[in-house]
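Peer 1:
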Amino acid sequence: MPPQYDAGATERALYEAWERAGVFTGVANRSARVGGDREPFVVIMPPPNVTAVLHTGHGLNNTVQDVIVRWRRMAGDEALWLPGTDHAGIATQNVIEKQLAAEGKSRNDLGRDAFVKRTADFVDKTGGEILQQLRAIGSSADWTRTAYTLSPELSHAVREAFVQLYERGLIYRGHRVIHWCPRCLTSLSDEEAQHTEEDGRLYHIRYDIIGTRGKSVTVATTRPETMLGDVALAVHPEDERYAKLVGKKALLPIANIEIPIIADEYVDREFGTGVVKITPAHDPNDFEVGLRHKLPVPVVMTPDAKMDNLADAGARVPAALIGVDRFDARKRIVKQLEEGDLLVKSENHRHAVRHCYRCDTVVEPRLSDQWFVKMKDLAEPALAGFHKGEVRILPERWEAVYVHWMENIRDWNISRQLWWGHRIPVWYCDKCSETIVSREDVTACTRCGGAVRQDEDVLDTWFSSWLFPISTLGWPDKSSKDLAAFYPTDDLVTASEILFFWVARMIMAGYAFMDAAPFHTVYIHGTVRDTEHKKMSKSLGNGIDPLDVVRLFGADALRYTVIAGLGMGADLVLDPEDLERSFAPGRNFVTKLWNIGRFLLGNVGEGDVKSVSSIPTESLTLADRWILSRLDAAVSECSAALGPARPAKGKWKTEERQLGLRLSEYAETARRFVWNEVADWYVESVKGRLQSQTADGEVARSILVHVFDYALRLLHPIVPFITEDLWQRLPGRENGEFLARAKWPAEMARSWNAEQFETLREAVNSLRQLRADYSIAPGKQIQAVLASTKVRELFETHADIIGRMTRTQLVEPSGSEESAHILLSDGTEILVPLDGMIDVAKECEKMRTEVTQVEAQLKSLIGRLNNESFTSKAPAKVVEGERQKQQDLERRCEQLTKRIGELCGS
RNA sequence: GGGCGAGUAGCUCAGUUGGUUAGAGCGCCUGCCUUACACGCAGGAUGUCGGGGGUUCGAGUCCCUCCUCGCUCACCA
942 MPPQYDAGAT ERALYEAWER AGVFTGVANR SARVGGDREP FVVIMPPPNV
992 TAVLHTGHGL NNTVQDVIVR WRRMAGDEAL WLPGTDHAGI ATQNVIEKQL
1042 AAEGKSRNDL GRDAFVKRTA DFVDKTGGEI LQQLRAIGSS ADWTRTAYTL
1092 SPELSHAVRE AFVQLYERGL IYRGHRVIHW CPRCLTSLSD EEAQHTEEDG
1142 RLYHIRYDII GTRGKSVTVA TTRPETMLGD VALAVHPEDE RYAKLVGKKA
1192 LLPIANIEIP IIADEYVDRE FGTGVVKITP AHDPNDFEVG LRHKLPVPVV
1242 MTPDAKMDNL ADAGARVPAA LIGVDRFDAR KRIVKQLEEG DLLVKSENHR
1292 HAVRHCYRCD TVVEPRLSDQ WFVKMKDLAE PALAGFHKGE VRILPERWEA
1342 VYVHWMENIR DWNISRQLWW GHRIPVWYCD KCSETIVSRE DVTACTRCGG
1392 AVRQDEDVLD TWFSSWLFPI STLGWPDKSS KDLAAFYPTD DLVTASEILF
1442 FWVARMIMAG YAFMDAAPFH TVYIHGTVRD TEHKKMSKSL GNGIDPLDVV
1492 RLFGADALRY TVIAGLGMGA DLVLDPEDLE RSFAPGRNFV TKLWNIGRFL
1542 LGNVGEGDVK SVSSIPTESL TLADRWILSR LDAAVSECSA ALGPARPAKG
1592 KWKTEERQLG LRLSEYAETA RRFVWNEVAD WYVESVKGRL QSQTADGEVA
1642 RSILVHVFDY ALRLLHPIVP FITEDLWQRL PGRENGEFLA RAKWPAEMAR
1692 SWNAEQFETL REAVNSLRQL RADYSIAPGK QIQAVLASTK VRELFETHAD
1742 IIGRMTRTQL VEPSGSEESA HILLSDGTEI LVPLDGMIDV AKECEKMRTE
1792 VTQVEAQLKS LIGRLNNESF TSKAPAKVVE GERQKQQDLE RRCEQLTKRI
1842 GELCGS
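Sequential numbering from 942 applies to the first sequence in my numbering.
1. Measure how close the beta-carbons of R1500 and T1004 come, nearest whole angstrom, since I'm counting them as under 8 Å.
2. On a Cα-Cα basis, can you pick out the residue from A958, L1751 and E1321 that is closest to Q1669?
3. State the beta-bridge partners of T1159 as determined by DSSP.
4. May I have the straight-line CA-CA distance separating L1308 from G967, to the nearest angstrom?
5. Rounded to a whole number of angstroms, what is the C-alpha to C-alpha distance between P1588 and H1461?
6. Is the region 1676-1695 touching the region 1632-1649 in the sense that three or more CB pairs, one from each, lie closer than 8 Å?
7. Report yes if the C-beta distance between F1662 and A1496 is below 8 Å; otherwise report no.
8. On the CB-based measure, 16 or more other CB atoms within 10 Å of its CB, does F982 come out buried or exposed?
9. Using a Cβ-Cβ cut-off of 7 Å (strictly less than) and excluding sequence neighbours within five positions of P1123, which residues of its own chain qualify?
10. Just to confirm before moving on: does the CB-CB distance between V1553 and I1659 stay below 8 Å?
11. Hey, could you find the ends of the beta strand (DSSP E) A1725 is sitting in?
12. So which of W1567, H1177 and G1155 has the shortest CA-CA distance to V1897?
13. Where do the N-terminal and C-terminal ends of the alpha helix (DSSP H) with C1848 fall, by residue?
14. Quick one: using the 10 Å Cβ neighbour count with 16 as the cut-off for buried, is C1386 buried or exposed?
15. Bridge partners of M1242, per DSSP?
16. Just to check my reading of the structure: T1159 and V1285 have Cβ atoms closer than 8 Å, yes? What is that Cβ distance to the nearest angstrom?
17. Which residues does DSSP list as the beta-bridge partners of G1115?
18. Take the Cβ of E1019 as the centre, count every other Cβ of all protein chains shown within 10 Å, and call the residue buried at 16 or more, exposed below.
19. Which same chain residues end up closer than 7 Å to R1833 when comparing Cβ atoms and leaving out the 5 residues on each side of it in sequence?
20. What residues are listed by DSSP as bridge partners for W1353?
21. Would Y1452 be called buried (16 or more neighbouring beta carbons within 10 Å of its own) or exposed?
22. Could you check whether V984 and L1604 sit closer than 8 Å to each other, using their CB atoms as the reference points?
23. Helix, strand or coil, according to DSSP, for G1451 in the structure here?
24. Between the Cα of P1517 and the Cα atoms of G1538, D1489, W1403 and D1062, which residue gives the shortest distance?
25. Under 8 Å: do the region 1119-1133 and the region 1087-1102 share three or more Cβ pairs, one atom per stretch?
26. Going by the CB atoms, is the gap between L1667 and A1534 shorter than 8 Å?
27. Within 10 Å of its beta-carbon, does L1335 have 16 or more other beta-carbons around it, so buried, or fewer, so exposed?
28. Ends of the beta strand (DSSP E) at W1368?
29. Looking only at its chain, what residues have a beta carbon closer than 7 Å to the beta carbon of K1475, apart from the 5 residues adjacent to it on each side?
30. In whole angstroms, what separates the C-alpha of L1656 from that of I1071?
31. Are there 16 or more other CB atoms within 10 angstroms of the CB of S1760, so buried, or fewer, so exposed?
32. Please tell me whether I1537 and F1649 are closer than 8 Å, where the distance is taken between their beta carbons.
33. What separation, rounded to the nearest whole angstrom, lies between the Cα atoms of T1085 and S1560?
34. How many Å lie between G1467 and D1512 at the Cα?
35. Should the region 1315-1325 be regarded as contacting the region 1354-1372, the criterion being three or more beta carbon pairs within less than 8 Å?
36. What residue from V1444, R1805, S1478 and Q1074 has the CA that sits closest to V1344's CA?
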């Protein structure tokens, strides 16, 4: 075996072998739901953009999913991890438009069909690269089922969903003010228009009152440019300050037109001056006010947010401002107001401004016609199902966020003014104005036979991805085998950013179209950040390319580091400037595993070893029994950290709602077992026996192979490559056998009776500590005298272990006066003769210090035990434990005092 | 502004229903190339568990309050 592990070559070869053997492929017929003999376990991969490239966030997200899926695959489930991409309407269209711009062209120059074709070609050629990259980090996804939102199958599902919801009265066309991105030139949903706190200014503007002499009101606004679209001023109906003004008219500055002063409850008397300008076409609330008061709706901005006189605007926008960008116009209008002495004052004002989540442009509220999904009816079952325990979210605190969103849900704008996406399946008849919503393309009006034209818009990308758990399994074909075998799925793993965009909507879609939640567990992991806790991003240049990490240290090192560092819901901090240090945990661990394997394989030989069950307990040494008991503990702790995999009877009980998926705990337990127990203790203890050709040597080989085999199984989901490589090399492996589908360990549930090994460990630790205390050269042999008789046999039997690990020889008492003293917790005393080396005064000082400490502890212990309220109120178990502790400490105190008497003469 | 969460070793985080000497990894210090491993081995140091108050026999853990960060929602222009 080479002294260095070659991650690159090994990983490539193993991944290919797994894929070739179909290890990752989910087989519907094996699912118990369609008569098979395995529980299905399904994870739907959050589809990355088809144009995306892998970043650390993807690396983390997919590693988590892979760990879970590999675990369940080994545990005997029919595991299916279903991958895919989405077409990312806005993002992908942006990419192509940028290309066109570089060629001096616009999408309109190409025309819709040519543009869509060009985009599709681009996606065909370069898209899905990320799926290739996911393989490099070991993702065991079922690539035979790779899905794409714009594929014919998923497009079919999208259209079916739209039509069904329309037929159920849950989709409608609305005329209202929506969020508009002037850069992407499309409307956005509420979720896509995200609030950011910004320092703005609040401008107080004077509007003269018509028909009075010099009377005026002051209006406060943050967006003076919209005043050109004002149609009224509003005050609160009960605001006495302005009661007399209601019904009068004010002069709108700059536009120089008269607008009414109205009363409406919407106005907040406390804010600003208590007078609000009403701009129905450029503010959603003003639009509502406008409807109530039957006001006109002048539009004064173009789609790309330049001032202009559009619908109903007359000549409100003066010639000088036409074509001027909104922010530029703001400055100019403020200046003009100042010059006209109409700006009373302006003050700093911190407020939340919505930005486009794709390009960060300030969103412009804009009046338009859009298709909406009525969400309340969809949210109800999603909320009810959650409360019944059909869905849980980890970590728990996100559950409140989910509930709050569901309870305050608002209708979902699903139209996008783009060309790249699923075209809305609605046709309008020009002749009779009929609106036709159809599963099939429509060529003539179904009512009058007239010519029809399809709605120009496409659907929000999320309108296709919210169907992912059902559409990827074959919906709406209810006879689909995959749907029957694999729906509902199990875990959904994601970051919190898309809880509403995607997760909540998938749950609604699951209930709406399948009458069941799409998954029972939502696992929300943290964000990858740099050392300054900034989120890693391409634009900040603080990202880490996971493929760089794979090249440098291997995929396993990446995976281990990520999983070991991932507390429930906690962020992962990595230093992009120091990959060596950031990934040290994984790299060190992988190397350690390799070296354990190297030692083991070099010492156990090629021949088969006996199975543990075939070895009678009498043939096992104490060390054997100890490591087997530790294995049992590791198995049970790992399984407990990971599971339960699914709720019993489909509903989470309160007490199990928060159990499982504690990945870092699982990783730490497995690491501790193989490193601190197998390598540090068992391997050391077994070295002597491995040399011998006896039956006991055979037993040692068997146990060593067994515990390493099982350690590799426990670790495989986290570090699949190196564990598979080592496992393949173990004696007795057959061709075509894969650790990736080996059985997940179960406890042996035998009584190992190995507690005495702890005494040996304590003795070894104490001797090592003593050597360090006395600065005894590492190579120097020392001697130890056993002062107690009750453990004599134990120590004599294990003299080789003690000798190897501490360079100490057990000897008979020689009458040496000057000895260092070791006192084990069970009362065993060991003397280490150190003639000439021992510093009696120092030794005495050490023991006296300990006596003082023990006495202090005893004092508080006794105080507690004499406290009637403690003994009567504390649980009997606790009190008993304290009594035991008191006895132990008293004995220790006695022994130390006696020893002090012998050595120190007082 | 509403809601939620976090503040534990230099750093990143564990700490299960309150049980009394608070843990891990990385980093740090000392000594070791001990024939699997220096990406290692052995030993070691480091915490008024954010501040204050309270409940309790007992508080990192429960309650109140303050401070500091973070997340999330939101139509006060």
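By construction, the Cβ of each residue, glycine as well, lies at the ideal position given by its N, Cα and C atoms.
Peer 2: Taking the coordinates as given:
1. Against the first sequence, residue 1500 aligns to sequence position 559. Against the first sequence, residue 1004 aligns to sequence position 63. Between R1500 and T1004 a beta carbon distance of about 5 Å is seen, short of the 8 Å cut, so the two are scored as contacting.
2. For the purposes of this step, residue 1669 is taken as the residue at position 728 of the first sequence. A check of alpha carbon separations from Q1669 across A958, L1751 and E1321 identifies A958 as the nearest.
3. Translated into positions along the first sequence, residue 1159 becomes position 218. Answer by DSSP bridge pairing, in chain order: R1147.
4. The residue you call residue 1308 lines up with position 367 of the first sequence. The residue you call residue 967 lines up with position 26 of the first sequence. Inter-residue distance for L1308 and G967 is about 48 Å (C-alpha atoms, whole angstroms).
5. Here residue 1588 corresponds to residue number 647 of the first sequence, with the count starting at 1. Here residue 1461 corresponds to residue number 520 of the first sequence, with the count starting at 1. In a straight line, the C-alpha of P1588 is about 8 Å away from that of H1461.
6. With a cut-off of 8 Å, the region 1676-1695 and the region 1632-1649 do not count as touching, because too few Cβ pairs lie within range.
7. The count along the first sequence starts at 1 and reaches residue 1662 at position 721. The count along the first sequence starts at 1 and reaches residue 1496 at position 555. Closer than 8 Å, so yes.
8. For the purposes of this step, residue 982 is taken as residue 41 along the first sequence, with counting starting at 1. Looking at its Cβ environment, which holds 16 or more other Cβ atoms inside 10 Å, F982 is buried.
9. Taking the first residue of the first sequence as position 1, residue 1123 is located at position 182. Taken in chain order, the residues that qualify are P1244, D1245, A1246, T1302 and E1305.
10. By one-based count along the first sequence, residue 1553 stands at place 612. By one-based count along the first sequence, residue 1659 stands at place 718. Note that the C-beta distance between V1553 and I1659 is not below 8 Å.
11. Start at 1 with the first residue of the first sequence, and residue 1725 comes out as number 784. First-last of the beta strand (DSSP E) with A1725: I1723 to L1727.
12. Outside the shown range of the chain, which is 942 to 1847, sits residue 1897, and nothing can be said about it.
13. Outside the displayed span of the chain (942 to 1847) sits residue 1848, for which this structure offers no information.
14. What you label residue 1386 is simply residue 445 of the first sequence in a count that begins at 1. That one is buried.
15. Counted from its first residue, the first sequence places residue 1242 at position 301. As computed with DSSP, M1242 is found in a beta bridge with M1248.
16. By one-based count along the first sequence, residue 1159 stands at place 218. By one-based count along the first sequence, residue 1285 stands at place 344. About 5 Å; that satisfies the 8 Å criterion.
17. Here residue 1115 refers to the residue found at position 174 of the first sequence. In the DSSP assignment, G1115 forms a beta bridge with Q1311.
18. Position 78 of the first sequence, counted from the start, is the residue given in the question as residue 1019. It counts as buried.
19. The residue given as residue 1833 occupies position 892 in the first sequence. Counting only Cβ-Cβ distances below 7 Å, and skipping sequence neighbours, we find L1764 and V1795.
20. To locate residue 1353, count along the first sequence from 1; it is residue 412. According to DSSP, residue pairing for W1353 in a beta bridge involves V1314.
21. Taking the first residue of the first sequence as 1, we reach residue 1452 at position 511. By the neighbour-count rule (16 or more Cβ atoms within 10 Å), Y1452 is buried.
22. Taking the first residue of the first sequence as position 1, residue 1604 is located at position 663. Taking the first residue of the first sequence as position 1, residue 984 is located at position 43. Going by C-beta atoms, L1604 is not nearer than 8 Å to V984.
23. By 1-based counting over the first sequence, the position of residue 1451 is 510. Annotated three-state conformation of G1451 is helix, per DSSP.
24. Within the first sequence, the letter at position 576 stands for residue 1517. By alpha-carbon distance to P1517, the top candidate from G1538, D1489, W1403 and D1062 is D1489.
25. In short, these stretches do not touch, since the Cβ pair count stays below three.
26. Your numbering for residue 1534 matches position 593 in the first sequence. Your numbering for residue 1667 matches position 726 in the first sequence. Before going further, note that residue 1534 is Leu rather than Ala in the sequence given. Contact: yes.
27. Residue mapping note: residue 1335 aligns to position 394 of the first sequence, counting from 1. It counts as buried.
28. Looking up residue 1368 in the first sequence gives position 427. For W1368, the enclosing beta strand (DSSP E) begins and ends at V1367 to C1370.
29. For the purposes of this step, residue 1475 is taken as the residue at position 534 of the first sequence. The beta carbon of K1475 sits closer than 7 Å to those of L1481 and N1483, all from its chain and outside the five residues before and after it, given in chain order.
30. By one-based count along the first sequence, residue 1656 stands at place 715. By one-based count along the first sequence, residue 1071 stands at place 130. So the two alpha carbons sit approximately 26 Å from each other.
31. Looking up residue 1760 in the first sequence gives position 819. Result: buried.
32. By one-based count along the first sequence, residue 1537 stands at place 596. By one-based count along the first sequence, residue 1649 stands at place 708. The answer is yes: Cβ separation under 8 Å.
33. Within the first sequence, residue 1085 is the residue found at index 144, counting from 1. Within the first sequence, residue 1560 is the residue found at index 619, counting from 1. So the two alpha carbons sit approximately 50 Å from each other.
34. Translated into positions along the first sequence, residue 1467 becomes position 526. Translated into positions along the first sequence, residue 1512 becomes position 571. Rounded to the nearest angstrom, the two C-alpha atoms are 4 Å apart.
35. Output reads no: the region 1354-1372 does not touch the region 1315-1325.
36. Against the first sequence, residue 1344 aligns to sequence position 403. Minimum Cα distance to V1344 is reached at V1444.
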